[in-house]
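*Asks:* One point on numbering: in this note's numbering, the residue at position 180 of the sequence shown is 181, and numbering is uninterrupted.
Virtual Cβ for every residue (Gly too), placed ideally from N, Cα, C.
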Amino acid sequence: MDIMNEGSCEMTRFVRRVIPGTGNPTRNLPGNDRIADHRFKSRFKVEHITFKNYQDKFIRYDDLSPVEKYELYRYAVFMLTSTVSANKLSFFKKIMKFGNNDKTEVCHIHPFIFKIMDFIKTKRANYHGIFRCSGDYRASTRLYERFIAGDVFDLNTTDVRNIVAFFKIYLKKKVNGIFSFDILDTLYETAKHRSSPSINYLLFYLPFCFVGDKRRFLIGLIDMFKEIDQHKNENDMPIPNLVRCIAPSLFPDTRLKSIETVFYQTWAVQKLFDIDLEKVPKPLLEFSHVYVVEKSSFSIC
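1. Considering only residues of the same chain and omitting the five flanking positions on each side of V161, which have a CB-CB separation below 6 Å?
2. Would you identify the three-state DSSP class for C60, choosing helix, strand or coil?
3. Label I260 either buried or exposed according to how many other C-beta atoms from any shown protein chain fall within 10 Å of its C-beta, with 16 as the threshold for buried.
4. R61 to V281, Cα distance in whole Å?
5. Straight-line CA distance for F288 to E69?
6. Who are the Cβ neighbours of C210 in its own chain at under 8 Å, not counting the five residues just before and after it?
7. Does the structure place the stretch 234 to 243 close enough to the stretch 127 to 141 that three or more beta carbon pairs sit under 8 Å?
8. If you check the beta carbons only, do K122 and D224 fall under 8 Å apart?
9. Do L188 and Y265 have their C-beta atoms within less than 8 Å of each other?
10. Do the stretch 239 to 253 and the stretch 139 to 151 meet, that is, are 3 or more Cβ pairs less than 8 Å apart?
11. Classify P239 as helix, strand or coil using the three-state DSSP reduction.
12. I need the straight-line Cα distance from N157 to G136, nearest angstrom please.
13. In three-state DSSP terms, what is N102?
14. Is it right to say E279 is buried, meaning 16 or more other beta carbons lie within 10 angstroms of its own, or is it exposed?
15. With distances taken from CA atoms, which of E190, F252, F226 and L243 is nearest F120?
16. Which word fits P112, buried or exposed, when buried means at least 16 other C-beta atoms lie within 10 angstroms of its C-beta?
17. From the DSSP output, which residues share a beta bridge with V281?
18. Is L65 helix, strand or coil by DSSP?
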């Protein structure tokens, strides 16, 4: 489902605009950035916006400046985070969120990882059981250790199963997944209840929660999986099977609360194939800038 498809684009409940002068002033205690978020949320007013001619209301993501992409990322993460009521978060979760080092903004993914995706897409897409068949654990671990030490191995002479295993290890240990830790609660809540409004809300903001190398990686991963899917009669690996195999590697390393979390992760990764990573609504871009400016005006440095 593409919520930015042809015709009018309805953004009711999806776009919130800052109305100056509303909300009660709240003292921001040193080091408490959550109070700043609370103050900003109290200044929100939901507005109804309908795009009758979306071609004039969208801009290409690649045409944005680095600052605009970062502002959009912060705003999208904030909007998804704000959908989960604070009283639903346990004390343990709050401690995890407070102590977590979100690598989304600064993560660098080695060019060799992109080379692996291109290699699999062009030369190993028809390999039977690709991403499902396990490689040799010791061999793939040695590949990872050698790679971290600066040794790049030959893809043509390495068992593709070990290449895929190395690929997953790198994503988990070095990148720590591509999803922002802050939006996990919203992802899991949406996956659990699966109401249409919640799903639409998620799909509207989710494309902008990936920036830099993680966004580039996501685009490459989707392209690679679509190519593998073209050979599903040979490799027996359609996209749903691929998603189940890769999903745990795309999430931050956190303690699983229940086995259902694995199914929630799979559902969320499957939804990545439904989002639009190219277009950005212009009003959303404007609101993201207002959010960053307004939030910085009352955040403690």
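*Replies:* This is what the structure gives:
1. If you number the sequence shown from 1, residue 161 lands on position 160. Here the set comprises R125 and Y128.
2. The count along the sequence shown starts at 1 and reaches residue 60 at position 59. One point to set straight first is that residue 60 is Ile, not Cys, in the sequence displayed. DSSP places I60 in strand when its eight states are reduced to three.
3. Within the sequence shown, numbered from 1, the residue matching residue 260 stands at position 259. By the neighbour-count rule (16 or more Cβ atoms within 10 Å), I260 is not buried but exposed.
4. Residue 61 sits at position 60 when you count from the first residue of the sequence shown. Residue 281 sits at position 280 when you count from the first residue of the sequence shown. Rounded to whole angstroms, R61 to V281 spans 6 Å at the Cα level.
5. Looking up residue 288 in the sequence shown gives position 287. Looking up residue 69 in the sequence shown gives position 68. Taking the straight line joining both Cα atoms gives about 11 Å.
6. Here residue 210 refers to the residue found at position 209 when the sequence shown is read from its first residue. The residues are Y74, A77, V78, L81, T105, F180, S181 and I184.
7. yes
8. What you label residue 122 is simply residue 121 of the sequence shown in a count that begins at 1. What you label residue 224 is simply residue 223 of the sequence shown in a count that begins at 1. Yes, the pair counts as a contact, with Cβ atoms nearer than the cut-off.
9. For this step, residue 188 is matched to residue 187 along the sequence shown. For this step, residue 265 is matched to residue 264 along the sequence shown. For L188 and Y265, yes; Cβs fall inside 8 Å.
10. no
11. Walking along the sequence shown from the start, residue 239 turns up at place 238. Coil, per DSSP.
12. On the sequence shown, position 156 is the one that residue 157 refers to. On the sequence shown, position 135 is the one that residue 136 refers to. The alpha-carbon atoms of N157 and G136 are separated by roughly 16 Å.
13. Counted from its first residue, the sequence shown places residue 102 at position 101. Note that N102 has pLDDT 42, beneath the 50 cutoff, so the model's placement of it is unreliable and the number below is only indicative. Correct three-state label for N102: coil.
14. On the sequence shown, residue 279 is found 278 positions in, with the first residue counted as 1. Exposed, by the Cβ-count rule.
15. What you label residue 120 is simply residue 119 of the sequence shown in a count that begins at 1. Nearest of E190, F252, F226 and L243 to F120, Cα basis: F226.
16. Start at 1 with the first residue of the sequence shown, and residue 112 comes out as number 111. P112 is exposed by the Cβ-count criterion.
17. The residue labelled residue 281 in the question sits at position 280 within the sequence shown. According to DSSP, which records beta bridges pairwise, V281 is partnered with I60.
18. Locating residue 65 in the sequence shown gives position 64, where the first residue counts as 1. DSSP places L65 in coil when its eight states are reduced to three.
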